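Novice: Dumping the structure here so I can ask a few things about it.
Numbering (this note's numbering), first residue to last: 240 to 588.
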């Protein structure tokens with residue numbers, strides 16, 4: 240990901256957070272009926288800025304599953320952060336098709352959605368499938384764009400029935416405009432003002448300030464195959480999930496790595512930028528996605544220092560992001576702090 244550019248909070252690290260929320264909402268059996276305050280309205284056809292895939296068929300009349308409602312209510316504020324005090328109204332429709340989730344993923348690509356007349360922007364991943372999606376065998380896509388004074392979000396969610404192999408495809412489109420109250424709140428929680436980067440005066444989590452500085456662009460060295468008890472099971476391009484990178488470029492697209500030890504999994508994001516200041520843009524964006532304000536307690540965060548870092552532990556799991564010079568790393572563990580601790584204590588940088 241090009242974090243050397245000024246980017247919105249929704250562009251960097253947004254997708255993993257959404258996926259974590261989706262996993263919690265869908266996979267943990269949170270399917271109780273939700274009552275009151277629905278912000279979901281069924282529509283009869285796809286919108287003019289969403290292309291229709293051949294073979295999708297006609298929309299069917301059905302209730303939006305309560306699990307998706309719960310997911311939307313849990314995660315919507317991350318995607319539409321700062322756009323208003325209330326969640327936006329979401330229009331939605333559903334299709335049942337013989338197309339596979341991979342067919343959906345291969346059609347709703349970042350390049351197709353960004354082209355005229357659709358003009359959607361997207362996280363570099365666009366759509367993800369498999370273990371990173373909401374349900375095993377499903378696909379999850381996130382797109383967003385600005386239109387005048389409004390922010391518009393589009394979600395595409397697919398789930399395939401194991402027996403019939405029929406695929407249910409849900410499209411949800413929401414928009415919201417920033418309110419004066421939200422704009423004031425955004426101003427009040429702006430990222431910390433900082434000048435020149437200074438050496439950290441104290442101890443960072445996991446003692447990262449005492450570790451060697453990363454060097455070069457060798458992915459095998461920077462993201463080792465073995466980190467303590469954790470084995471690297473997947474290395475992929477951030478802009479082309481499932482494709483293994485052979486290299487990484489300075490100020491280019493980032494790299495994702497997945498590590499496993501027993502039942503614990505760590506998801507790592509890695510970027511190389513041309514300066515420490517550029518790397519810290521990623522840290523600031525990570526903070527805007529995971530916590531209302533950057534922590535002032537040095538046990539949990541430091542910005543404008545070498546190294547800089549952010550540690551978050553909440554109901555969605557444990558997350559640690561840090562910079563070493565122009566290098567940006569983050570590691571997240573859905574299973575919680577213990578898994579993250581074990582990984583970070585063995586990580587070399």
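Glycine included, every Cβ here is placed at the ideal spot set by N, Cα and C. What you are looking at is a predicted structure, and each value in this text was computed from that prediction instead of being measured.
What does the alpha-carbon distance come out to for the pair residue 563 and residue 462?
Specialist: The residue given as residue 563 occupies position 324 in the chain shown. The residue given as residue 462 occupies position 223 in the chain shown. Going by the C-alpha atoms only, they are around 14 Å apart.
Novice: Tell me whether the beta-carbon of residue 588 lies closer than 7 Å to the beta-carbon of residue 510.
Specialist: The residue labelled residue 588 in the question sits at position 349 within the chain shown. The residue labelled residue 510 in the question sits at position 271 within the chain shown. Contact flag unset, no.
Novice: To the nearest angstrom, report how far apart residue 344 and residue 550 are at their CA atoms.
Specialist: One-based indexing of the chain shown puts residue 344 at position 105. One-based indexing of the chain shown puts residue 550 at position 311. Rounded to whole angstroms, residue 344 to residue 550 spans 33 Å at the Cα level.
Novice: Name the residue from 471, 557, 286, 555 whose alpha carbon lies nearest to the alpha carbon of residue 357.
Specialist: Here residue 357 refers to the residue found at position 118 of the chain shown. Measuring from the Cα of residue 357, the nearest candidate turns out to be 286.
Novice: Check whether the Cβ atoms of residue 658 and residue 492 lie closer than 7 Å to each other.
Specialist: Since the first and last residues shown for the chain are 240 and 588, residue 658 lies out of range.
Novice: Roughly how many angstroms separate the alpha carbons of residue 301 and residue 291, rounded to a whole number?
Specialist: Sequence index remark: in the chain shown, residue 301 carries index 62 (1-based). Sequence index remark: in the chain shown, residue 291 carries index 52 (1-based). Approximately 19 Å between the Cα atoms of the pair.
Novice: For residue 573, count the other beta carbons within 10 Å of its own beta carbon; 16 or more makes it buried, fewer makes it exposed. Which is it?
Specialist: Position 334 of the chain shown holds residue 573. The residue in question, residue 573, is buried, as its Cβ has 16 or more Cβ neighbours within 10 Å.
Novice: Express the C-alpha separation of residue 539 and residue 430 in angstroms, rounding to a whole number.
Specialist: For the purposes of this step, residue 430 is taken as residue 191 along the chain shown, with counting starting at 1. For the purposes of this step, residue 539 is taken as residue 300 along the chain shown, with counting starting at 1. Unreliable positioning characterises residue 430 in this predicted model, as indicated by a pLDDT of 43, which lies under 50. A coordinate reading is not provided.
Novice: If you count every other CB in all the chains shown that lies within 10 Å of the CB of residue 590, and 16 or more means buried, which is it?
Specialist: Outside the shown range of the chain (240 to 588) lies residue 590, about which nothing can therefore be said.
Novice: Since I believe residue 405 is in contact with residue 335 (beta carbons under 8 Å), could you give me their beta-carbon distance rounded to a whole number of angstroms?
Specialist: Here residue 335 corresponds to residue number 96 of the chain shown, with the count starting at 1. Here residue 405 corresponds to residue number 166 of the chain shown, with the count starting at 1. Their Cβ separation, rounded to whole angstroms, is 6 Å, which keeps residue 335 and residue 405 in contact under 8 Å.
Novice: In terms of residue numbering, what span does the alpha helix (DSSP H) encompassing residue 447 cover?
Specialist: By 1-based counting over the chain shown, the position of residue 447 is 208. Neither: residue 447 is in no alpha helix (DSSP H) and is coded neither H nor E.
Novice: Taking the alpha-carbon positions, what's the residue 586 to residue 279 distance?
Specialist: Residue 586 sits at position 347 when you count from the first residue of the chain shown. Residue 279 sits at position 40 when you count from the first residue of the chain shown. Taking the straight line from one Cα to the other gives about 44 Å.
Novice: With burial defined as no fewer than 16 other Cβ atoms inside 10 Å of the residue's Cβ, what is the status of residue 284: buried or exposed?
Specialist: For the purposes of this step, residue 284 is taken as the residue at position 45 of the chain shown. Result: exposed.
Novice: Cα separation between residue 303 and residue 398?
Specialist: To locate residue 303, count along the chain shown from 1; it is residue 64. To locate residue 398, count along the chain shown from 1; it is residue 159. Spanning the two alpha carbons is a distance of roughly 13 Å.
Novice: Can you say whether residue 378 is buried or exposed, counting buried as having 16 or more other CB atoms within 10 angstroms of its CB?
Specialist: For the purposes of this step, residue 378 is identified with residue 139 of the chain shown, where counting begins at 1. With 16 or more other Cβ atoms within 10 Å, it is buried.
Novice: What residue from 382, 512, 437, 471 has the CA that sits closest to residue 495's CA?
Specialist: Numbered from 1 along the chain shown, position 256 holds the residue referred to as residue 495. Ranking 382, 512, 437, 471 by Cα distance to residue 495 puts 471 first.
Novice: Would you check if the distance between the CB atom of residue 410 and the CB atom of residue 332 is smaller than 7 Å?
Specialist: Start at 1 with the first residue of the chain shown, and residue 410 comes out as number 171. Start at 1 with the first residue of the chain shown, and residue 332 comes out as number 93. Contact: yes.
Novice: Suppose the cutoff is 6 Å on Cβ atoms and the five residues either side in sequence are ignored; what does the same chain contact list for residue 453 look like?
Specialist: Locating residue 453 in the chain shown gives position 214, counting from the first residue. Excluding sequence neighbours, residue 453 sits near 461, 563, 566, 588.
Novice: Let's test the definition: count the other Cβ atoms within 10 Å of the Cβ of residue 522 and tell me whether it reaches 16, buried, or not, exposed.
Specialist: Your numbering for residue 522 matches position 283 in the chain shown. Flag for residue 522 reads buried.
Novice: Since residue 388 is in the alpha helix (DSSP H), which residue starts that stretch and which ends it?
Specialist: Stepping through the chain shown from its first residue, residue 388 is reached at position 149. Looking at the DSSP string, residue 388 is not in any alpha helix (DSSP H), and its letter there is neither H nor E.
Novice: Quick check: what's the CA-CA separation for residue 571 versus residue 351?
Specialist: Here residue 571 corresponds to residue number 332 of the chain shown, with the count starting at 1. Here residue 351 corresponds to residue number 112 of the chain shown, with the count starting at 1. Their backbone Cα atoms lie some 30 Å apart in a straight line.
Novice: Suppose you measure from the CA of residue 575 to the CA of residue 297; what does that come to, to the nearest Å?
Specialist: Taking the first residue of the chain shown as 1, we reach residue 575 at position 336. Taking the first residue of the chain shown as 1, we reach residue 297 at position 58. Answer to the nearest angstrom: the Cα atoms are 42 Å apart.
Novice: Find the nearest neighbour of residue 414 within the set 408, 407, 393, 403, judged by alpha-carbon distance.
Specialist: Walking along the chain shown from the start, residue 414 turns up at place 175. The shortest C-alpha separation from residue 414 is found at 393.
Novice: By Cβ distance below 7 Å, which residues in the same chain neighbour residue 445 in space, the five residues on each side in sequence not counted?
Specialist: By 1-based counting over the chain shown, the position of residue 445 is 206. So the qualifying residues of the chain are 583, 584.
Novice: Tell me the DSSP secondary structure of residue 338 in three-state form.
Specialist: Along the chain shown, read from residue 1 onward, the residue named residue 338 stands at position 99. Residue 338: coil per DSSP, three-state reduction.
Novice: Would you check if the distance between the CB atom of residue 448 and the CB atom of residue 537 is smaller than 7 Å?
Specialist: Looking up residue 448 in the chain shown gives position 209. Looking up residue 537 in the chain shown gives position 298. Cβ distance not < 7 Å, so residue 448 and residue 537 don't count as in contact.
Novice: Ignore the nearest five residues each way along the sequence and tell me which others in residue 289's own chain have a CB closer than 8 Å to its CB.
Specialist: Along the chain shown, one-based indexing puts residue 289 at 50. Here the set comprises 357, 393, 410, 412.
Novice: Work out the CA separation of residue 516 and residue 437 for me, nearest whole Å.
Specialist: The sequence position of residue 437 within the chain shown is 198, counting from 1. The sequence position of residue 516 within the chain shown is 277, counting from 1. Looking at the two C-alpha atoms, the distance is approximately 11 Å.
Novice: Can you tell me whether residue 282 is buried or exposed, with buried defined as 16 or more other CB within 10 angstroms of its CB?
Specialist: Counting from 1 along the chain shown, the entry for residue 282 is found at position 43. Per the 10 Å Cβ criterion, exposed.
Novice: If you draw a straight line from the alpha carbon of residue 337 to that of residue 391, how long is it in whole angstroms?
Specialist: Within the chain shown, the letter at position 98 stands for residue 337. Within the chain shown, the letter at position 152 stands for residue 391. Spanning the two alpha carbons is a distance of roughly 29 Å.
Novice: Between residue 486 and the rest of its own chain, which residues show a CB-CB distance below 8 Å, the 5 nearest in sequence each way excluded?
Specialist: Within the chain shown, the letter at position 247 stands for residue 486. Excluding positions up to five away in sequence, the list reads 456, 458.
Novice: Please identify the residue among 505, 441, 488, 368 whose C-alpha is closest to the C-alpha of residue 465.
Specialist: Taking the first residue of the chain shown as position 1, residue 465 is located at position 226. For the residues 505, 441, 488, 368, the minimum Cα distance to residue 465 belongs to 505.
Novice: With burial defined as no fewer than 16 other Cβ atoms inside 10 Å of the residue's Cβ, what is the status of residue 368: buried or exposed?
Specialist: For the purposes of this step, residue 368 is taken as the residue at position 129 of the chain shown. Buried, because 16 or more other Cβ atoms sit within 10 Å of the Cβ of residue 368.
Novice: May I have the straight-line CA-CA distance separating residue 441 from residue 407, to the nearest angstrom?
Specialist: Counting from 1 along the chain shown, the entry for residue 441 is found at position 202. Counting from 1 along the chain shown, the entry for residue 407 is found at position 168. Looking at the two C-alpha atoms, the distance is approximately 53 Å.
Novice: Secondary structure at residue 576, three-state DSSP: helix, strand or coil?
Specialist: Translated into positions along the chain shown, residue 576 becomes position 337. In this structure, residue 576 counts as helix in the three-state DSSP scheme.
Novice: Could you tell me which of 353, 499, 488 sits nearest to residue 579, measuring between CA atoms?
Specialist: By 1-based counting over the chain shown, the position of residue 579 is 340. Closest option to residue 579, Cα to Cα, is 499.
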